[in-house]
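Q:
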Amino acid sequence: MTATVLHSSSQLSAALKEGHHVLAAVQQDKFSPWGFGTSHEIVLKGYSNGNTYVYDPYNAANNGWYPIEWLWREQSTQSGDINGLGNSFVKVTDI
44 MTATVLHSSS QLSAALKEGH HVLAAVQQDK FSPWGFGTSH EIVLKGYSNG
94 NTYVYDPYNA ANNGWYPIEW LWREQSTQSG DINGLGNSFV KVTDI
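In this note's numbering, the protein residues as written are 44 to 138.
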């Protein structure tokens, strides 16, 4: 398995268009409703007209298509999510 940090929404879109899974840490949105200072990991897969399918391991009711730009803006800035990476979106290949 190879993990590649994504540094822009265009890199995120490209990875999804290529069919890769992307692991994403997001904060302060519907996927992480626990308040300031919390984040949550979700899995992204697929691309359709600027949207990607979100798999939420905590709450399946959140699974569905979401705008990529919106998800990118909700990325986590928590140190535990970005230390050593610089960003909280990671493309996974070779699985």
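Note that the Cβ used here is the ideal one computed from N, Cα and C, for glycine as well.
(1) Which of the three DSSP states is assigned to K73 in this structure?
(2) Classify N126 as helix, strand or coil using the three-state DSSP reduction.
(3) Are the Cβ atoms of V69 and H83 separated by less than 8 Å?
(4) To the nearest angstrom, report how far apart A46 and I111 are at their CA atoms.
(5) Once DSSP output is grouped into helix, strand and coil, what is the label at Q54?
(6) So, with DSSP's three-state summary, where would you put D117?
(7) Using a Cβ-Cβ cut-off of 8 Å (strictly less than) and excluding sequence neighbours within five positions of N94, which residues of its own chain qualify?
A: With the structure as the only source:
(1) coil
(2) coil
(3) yes
(4) 19 Å
(5) helix
(6) Reading off the sequence, residue 117 comes out as Glu, not Asp. Coil, per DSSP.
(7) W108, Y109, P110, I111
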